[in-house]
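In my numbering, the protein residues as written are 43 to 150.
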């Protein structure tokens, strides 16, 4: 594994966890329909973070492209979570921001 990707790997794992917590908490919110976009993006983001972590640890030849896509999806999830006042959304938005930054830094 490329040691320059360590920060990205850690951020992906933290973001995966935050997105899963947000996803689960959103499903328990009173107005679940209002949270539909957040729930959908939490799933997308958690999945790409998991895939990115796998790509990094197996030294995929496409790792840079995968990290770029991960950053884009994380930014989109962050924007959606920022629209909500729930603590789980705020924590998820922060994890997404950090992950996007780490992925961009790793491919720079």
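Where a beta carbon is used, it is the ideal one built from N, C-alpha and C, also for glycine.
(request) Inspect the beta-carbon positions of residue 142 and residue 117 and report whether they are closer than 7 Å. (result) Contact flag set, yes.
(request) Determine, using beta-carbon pairs with one atom in the segment 65-80 and one in the segment 98-112, whether at least three such pairs fall under 8 Å. (result) Proximity of the segment 65-80 to the segment 98-112 falls short of the contact definition, fewer than three beta-carbon pairs being nearer than 8 Å.
(request) Quick one: measure Cβ to Cβ for residue 94 and residue 108, integer angstroms, because I've assumed they're closer than 8 Å. (result) By a beta-carbon distance limit of 8 Å, residue 94 contacts residue 108. Their separation comes to about 5 Å.
(message) Spatial neighbours of residue 133 within its chain, please: C-beta separation below 8 Å, excluding the five flanking residues on both sides.
(response) Excluding positions up to five away in sequence, the list reads 60, 63 and 64.
(message) Distance check for residue 126 and residue 140, CA to CA, integer angstroms please.
(response) Taking the straight line from one Cα to the other gives about 18 Å.
(message) For residue 135 and residue 124, which I take to be in contact (beta-carbon distance under 8 Å), what is that distance rounded to the nearest angstrom?
(response) With 8 Å as the limit, residue 135 and residue 124 qualify as a contact, their Cβ atoms being about 5 Å apart.
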